[in-house]
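Below is one structure; the comments refer to it alone.
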Amino acid sequence: MPTNLSQRKLLSGHSLPLPSNNNNNTSPPSPDLAQRFAEEFVAPKIIKGLFDNGFMGIENSPEHGGSGAPFTSAILVIEELAQVDPSALYLSNTTIKNCCCEALLDEYIPDVSTSKVASFCLSEPGGGLDAFALATRAAKASIGRYIINGSKMWFTVSKEAEIFVIFSNLNPSKNHGNRNRLKKRENWVSKLLLRVL
1 MPTNLSQRKL LSGHSLPLPS NNNNNTSPPS PDLAQRFAEE FVAPKIIKGL FDNGFMGIEN
61 SPEHGGSGAP FTSAILVIEE LAQVDPSALY LSNTTIKNCC CEALLDEYIP DVSTSKVASF
121 CLSEPGGGLD AFALATRAAK ASIGRYIING SKMWFTVSKE AEIFVIFSNL NPSKNHGNRN
181 RLKKRENWVS KLLLRVL
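Residue 82 in the UniProt record's numbering sits at position 82 of the sequence shown, and the numbers go up by one each step.
So, in structure tokens, the structure goes:
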């Protein structure tokens, strides 16, 4: 039995799509090879499967490409999938659905229901998940535009994401001025899209 990862067969019988990083079949595969395999083969298949089976838009309305299932159904589906791989299950479109105006729902919910991954950007270097202690600030620059200043860490599914929900503080003096900001990746440059609700 081959021990080199690049020579092993997938369950479907296909060879792995990556070249070997060494010529010694008895050496274990490198972490770099495992990372490339996960990024180039595993992650895209999982994400496509989540969309193809309707899991990413489970709670969203049929008008926006979802199935319109109740929250309880979404939780039951997440619970089942999380038994196999909890990291594949982050469904951040519920945040978008609950925080956007109708025009942005019409623009983004169909995408996050059917084809685009949204990243959840809450954690900060000094604050973890404390949403009421956010150091990241959003300041109104003009009608419909805001400037965001701050640092975020550990963006959920950021490598796969095309849309980013960024939590920021609009009114630090009240300590409850947090709002979600929606950003979309365009040529690796992010553009602020979500208005304050």
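Cβ coordinates follow ideal geometry from the N, Cα and C atoms, glycine included.
From a predicted model like this one, the values you see are computed outputs, not experimental measurements.
Does the distance from the C-beta atom of residue i to that of residue j stay below 7 Å?
i: Gly65; j: Gly54; result: no
i: Lys159; j: Glu124; result: no
i: Phe164; j: Ser115; result: no
i: Phe167; j: Leu122; result: yes
i: Asn149; j: Ile109; result: no
Among the options, whose alpha-carbon lies nearest the alpha-carbon of residue i?
i: Gly127; options: Ile147, Trp154, Ile109; result: Trp154
i: Thr94; options: Glu79, Ala103, Phe120; result: Phe120
i: Asn169; options: Ala141, Thr136, Ala161; result: Thr136
i: Ala161; options: Val84, Ala74, Ile47, Ile143; result: Ile47
i: Ala118; options: Ala103, Ile96, Ala82, Glu63; result: Ile96
i: Ser173; options: Val157, Leu134, Ile143; result: Leu134
i: Asp111; options: Ala43, Pro62, Ala34; result: Pro62
May I ask you to list the residues that DSSP assigns as paired with residue i?
i: Ala139; result: Ile147
i: Cys100; result: Per DSSP, none; premise fails for Cys100.
i: Val117; result: Ala161
At a cut-off of 6 Å, is residue i close to the ligand COA when judged by its beta-carbon and the heavy atoms of the ligand?
i: Val77; result: Only the bare structure without any ligand can be found here, which leaves the ligand COA out of the picture.
With a threshold of 7 Å on Cβ separation, who are the neighbours of residue i within its own chain once the five nearest residues in sequence on each side are excluded?
i: Ala139; result: Tyr146, Ile147
i: Thr72; result: none
i: Val77; result: Phe55, Ile58
i: Ser113; result: Met56, Gly57, Asn60, His64, Gly65, Gly66, Asn93
Skipping 5 residues on each side, what residues in its chain have a beta carbon closer than 8 Å to that of residue i?
i: Glu80; result: none
i: Pro70; result: Glu59
Which residues in the same chain as residue i place their Cβ atom closer than 6 Å to its Cβ, once the five residues preceding and following it in sequence are excluded?
i: Ala38; result: none
i: Ser142; result: none
| Within the region 29-99, ranges of the alpha helix (DSSP H) (whole runs, at least 4 residues) | 31-37, 43-52, 71-82, 93-99
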